[in-house]
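Peer 1: Here you go, one structure.
Numbering (mature numbering (1 follows the signal peptide of the UniProt record, and there is no 0)), first residue to last: -32 to -1, 1 to 350.
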């Protein structure tokens, strides 16, 4: 009896392998019953719809578990079942749920907008999907039910898809972090998604003041960073009025390059004094930024060279330092190298300050040259 039972199990195992090989079954839940002295296989689920001819096996649906066998598959288990009254034996193919690894693990959301985190679960069966916030190990949703008092969180699932989506309404910076999509298997299976909530930021290069010669081309560059998608539009303003590219003035154009960093160029040809004033760059998804433009009629201020009030302040400090040194030199009637400097360390420090300032400040070159010639004259005289 034992020999016949072992032989039967061996034949059964071979038959199952043949069936799997012929049908390429690797997912789904297929229930069937295997019986001796039959020559066909009939499947009872939508996974396999055709009649498959084989030898020594047949399908039925009544039985009780008498043992398990395993095969080389990461998602499938096979159970051998038997019914003492009917004499039938059942083989059940059980496919475990698993995640689609192609689903994005990094999501960028906008402050104040809805953020969507998705995980795709195959062969879910009767298991449930939950979303958990890792920051405080807080269960947000189970299935389609929300388990948090924060009603900004909501899970959605459409029966025709395998996607389970966590929606976060009016996302805030504090919502950034890791979220876990979890399947209620034993042990549980998890898929982690990182959310980064950002605030798109606009900036006009070269601000806060820019100077242009009359008749030249005004070129303003506005960049928008930290935006998951390019802004729907970018408006340029002059003195709080939208710049019209079709105005009678003419010569006004805008070039926009969209990408991870969106850049908008405002070009105004043949600059006139009336083009001076405050300009604003206003993207659809970021706060507006401003800059002041000065159109000069033959004037050459220090800011003309640097396009920055910061550099102008450094230039003023440098001129003050040079003037002070010149006064001391003239007063003492001695070479510049001897002005209140008695140690080599002090002389080195003074030389370093002069060289560093000359390399970082580009303005007032003619004035500096006059100072240098004056100092040279004093040295030669002494």
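Idealized CB from N, CA, C, for every residue including glycine.
From the DSSP output, read off the bridge partner residues of residue 203.
Peer 2: In the chain shown, counting from the first residue as 1, residue 203 sits at position 235. The partner list for residue 203 (beta bridge, DSSP) reads 250.
Peer 1: Rank 117, 97, 136, 192 by C-alpha distance to the C-alpha of residue 157 and give the top, closest one.
Peer 2: Taking the first residue of the chain shown as 1, we reach residue 157 at position 189. Nearest of 117, 97, 136, 192 to residue 157, Cα basis: 97.
Peer 1: Whole-angstrom Cβ separation of residue 247 and residue 201, contact assumed at under 8 Å?
Peer 2: Counted from its first residue, the chain shown places residue 247 at position 279. Counted from its first residue, the chain shown places residue 201 at position 233. Actually they do not touch by this definition, with Cβ atoms about 17 Å apart.
Peer 1: With C-beta atoms as the reference, is residue 254 less than 9 Å away from residue 199?
Peer 2: Indexing the chain shown from 1 puts residue 254 at position 286. Indexing the chain shown from 1 puts residue 199 at position 231. Yes, the Cβ-Cβ distance between residue 254 and residue 199 is below 9 Å.
Peer 1: Closer than 8 Å by C-beta to residue 145: which residues in its own chain qualify, once you throw out the five before and the five after it? Chain order, please.
Peer 2: The count along the chain shown starts at 1 and reaches residue 145 at position 177. Closer than 8 Å at Cβ, skipping near neighbours: 101, 102, 103, 162, 163.
Peer 1: Taking the straight line between their C-alpha atoms, what separation do you get for residue 233 and residue 208?
Peer 2: In the chain shown, the residue the question calls residue 233 occupies position 265. In the chain shown, the residue the question calls residue 208 occupies position 240. One C-alpha to the other measures close to 18 Å.
Peer 1: Hey, how far is the Cα of residue 143 from the Cα of residue 180?
Peer 2: Numbered from 1 along the chain shown, position 175 holds the residue referred to as residue 143. Numbered from 1 along the chain shown, position 212 holds the residue referred to as residue 180. Rounded to the nearest angstrom, the two C-alpha atoms are 45 Å apart.
Peer 1: Taking 9 Å as the cut-off, decide whether the C-beta atoms of residue 110 and residue 141 are in contact.
Peer 2: Taking the chain shown and counting its residues from 1, the one referred to as residue 110 is at position 142. Taking the chain shown and counting its residues from 1, the one referred to as residue 141 is at position 173. Going by C-beta atoms, residue 110 is not nearer than 9 Å to residue 141.
Peer 1: When the Cα of residue 90 is compared with those of 136, 236, 67, which residue comes out closest?
Peer 2: Counting from 1 along the chain shown, the entry for residue 90 is found at position 122. Among 136, 236, 67, the Cα nearest to that of residue 90 belongs to 67.
Peer 1: Spell out the partners DSSP gives residue 245 in its beta bridges.
Peer 2: Here residue 245 corresponds to residue number 277 of the chain shown, with the count starting at 1. Paired residue(s): 261.
Peer 1: Who are the near neighbours of residue 184 in its chain, counting only those whose CB is closer than 6 Å to its CB and skipping five residues on each side?
Peer 2: Within the chain shown, numbered from 1, the residue matching residue 184 stands at position 216. These residues qualify, in order along the chain: 239.
Peer 1: So, at 7 Å on beta carbons, what are the nonlocal neighbours of residue 263 in its own chain, with the 5 sequence-adjacent residues on each side left out?
Peer 2: Mapped onto the chain shown, residue 263 falls at position 295. Closer than 7 Å at Cβ, skipping near neighbours: 180, 182, 239, 240, 241, 243, 244.
Peer 1: Is residue 217 helix, strand or coil when you go by DSSP?
Peer 2: Translated into positions along the chain shown, residue 217 becomes position 249. Coil.
Peer 1: Assuming residue 86 contacts residue 118 (C-beta within less than 8 Å), just tell me the rounded distance between them.
Peer 2: Numbered from 1 along the chain shown, position 118 holds the residue referred to as residue 86. Numbered from 1 along the chain shown, position 150 holds the residue referred to as residue 118. 19 Å between Cβ atoms; not a contact.
Peer 1: Taking the beta strand (DSSP E) that residue 125 belongs to, which residues open and close that run?
Peer 2: The count along the chain shown starts at 1 and reaches residue 125 at position 157. Counting along the chain, the beta strand (DSSP E) containing residue 125 begins and ends at 121 to 125.
Peer 1: With the cut-off set at 9 Å, would you say residue 249 and residue 123 are in Cβ contact?
Peer 2: For the purposes of this step, residue 249 is taken as the residue at position 281 of the chain shown. For the purposes of this step, residue 123 is taken as the residue at position 155 of the chain shown. Contact flag unset, no.
Peer 1: Relative to the alpha-carbon of residue 120, which residue among 137, 196, 172, 168 has its alpha-carbon at the smallest distance?
Peer 2: One-based indexing of the chain shown puts residue 120 at position 152. Ranking the options by Cα distance to residue 120, first place goes to 137.
Peer 1: Nearest by alpha-carbon distance to residue 76: which of 220, 153, 167 is it?
Peer 2: Numbered from 1 along the chain shown, position 108 holds the residue referred to as residue 76. For residue 76, the nearest C-alpha among the options comes from 167.
Peer 1: Just tell me which of 225, 197, 217, 106 has its CA closest to the CA of residue 81.
Peer 2: Taking the first residue of the chain shown as position 1, residue 81 is located at position 113. Ranking 225, 197, 217, 106 by Cα distance to residue 81 puts 197 first.
Peer 1: For residue 251, I'd like the list of residues in its chain whose CB is within less than 6 Å of its CB, leaving aside the five on either flank, ordered along the chain.
Peer 2: Here residue 251 refers to the residue found at position 283 of the chain shown. Around residue 251: 170, 192, 199, 202.
Peer 1: Give the DSSP bridge partners of residue 83, in chain order.
Peer 2: In the chain shown, residue 83 corresponds to position 115, counting from 1. Per DSSP, 136.
Peer 1: Within 10 angstroms of its Cβ, does residue 72 collect 16 or more other Cβ (buried), or is it exposed?
Peer 2: By one-based count along the chain shown, residue 72 stands at place 104. Classification of residue 72: exposed, given that the 10 Å Cβ count is below 16.
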